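Trainee: In this text, residue positions in the sequence shown follow UniProt numbering: the first is 1, and each later residue adds one. Cβ atoms here follow ideal geometry from the backbone N, Cα and C, with glycine treated the same way. Since the model is a prediction, treat every value here as computed from it, not as a measurement.
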Amino acid sequence: MEAIYAFCVGVLTTCGFFLVLRGRTFTVVIGLTLLSYAVNLFLFASGRLKLNGAAVLGKSAEYSDPLPQALVLTAIVIGFAMTAFVVILAMRSRADQGDDHVDGQMPDQPRRLSVSDKRNG
């Protein structure tokens, strides 16, 4: 179970980094969201994965550590606020610049040959 969990965290992290390195702001926002999900899963796993563990002492023989759960809840709230802020920045950037590229410039497009260029050469 731990290997599958670690694999899923790794896939989320890899996809998040890939999307953060893209040129459009929407993919950067999705990448940051995936990275925050990966961090949340990592924090949750730091409390050890237990089945049938109670979050409150005295309810069962085994209990789960409540600190990682509190950290994950805090990280979810901070991640939501960060995502909302970045979306607002992306919308403002698109309104001001007219495109949604991260650096504000369109990438170089390959030059299309016109009919006269094709005849000449």
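Using only CA atoms, which one of P68, Q97, T33 and L41 lies nearest to V20?
Mentor: In the sequence shown, the residue the question calls residue 20 occupies position 20. When only C-alpha atoms are compared, the closest one is T33.
Trainee: Does the region 26-44 come into contact with the region 68-79, if we say contact requires no fewer than three beta-carbon pairs (one atom in each stretch) closer than 8 Å?
Mentor: As far as the Cβ criterion goes, the region 26-44 touches the region 68-79, which means the pair count is three or higher.
Trainee: Opposite R24 in the DSSP bridges: which residues?
Mentor: Walking along the sequence shown from the start, residue 24 turns up at place 24. Bridge partners of R24: H101.
Trainee: In the structure shown, what three-state DSSP assignment does E62 receive?
Mentor: Stepping through the sequence shown from its first residue, residue 62 is reached at position 62. E62: coil per DSSP, three-state reduction.
Trainee: Do you know how far the Cα of A45 is from the Cα of G31?
Mentor: Taking the sequence shown and counting its residues from 1, the one referred to as residue 31 is at position 31. Taking the sequence shown and counting its residues from 1, the one referred to as residue 45 is at position 45. Near 21 Å, if we compare the C-alpha coordinates of A45 and G31.
Trainee: Suppose you measure from the CA of A6 to the CA of F85; what does that come to, to the nearest Å?
Mentor: Working through the sequence shown from its first residue, we reach residue 6 at position 6. Working through the sequence shown from its first residue, we reach residue 85 at position 85. Distance between the alpha carbons of A6 and F85: 29 Å.
Trainee: Rank I88, C8 and T27 by C-alpha distance to the C-alpha of H101 and give the top, closest one.
Mentor: As a position in the sequence shown, residue 101 is number 101, starting the count at 1. Looking at the Cα atoms, T27 is the closest of the given residues.
Trainee: On a CA-only basis, which of R48, A81 and F80 is nearest D65? Give me that one, please.
Mentor: Translated into the one-based positions of the sequence shown, residue 65 becomes position 65. Considering only alpha carbons, the answer is R48.
Trainee: Closest to A81 by CA distance: which of V29, T14, G10 and L12 is it?
Mentor: By one-based count along the sequence shown, residue 81 stands at place 81. Closest by alpha carbon: V29.
Trainee: Quick one: measure Cβ to Cβ for L12 and L41, integer angstroms, because I've assumed they're closer than 8 Å.
Mentor: By 1-based counting over the sequence shown, the position of residue 12 is 12. By 1-based counting over the sequence shown, the position of residue 41 is 41. That pair is a contact at about 7 Å.
Trainee: By a C-beta neighbour count over all protein chains shown, 10 Å radius and 16 as the cutoff for buried, is L16 buried or exposed?
Mentor: The sequence position of residue 16 within the sequence shown is 16, counting from 1. Going by the sequence as given, residue 16 is Gly instead of Leu. Burial call: buried.
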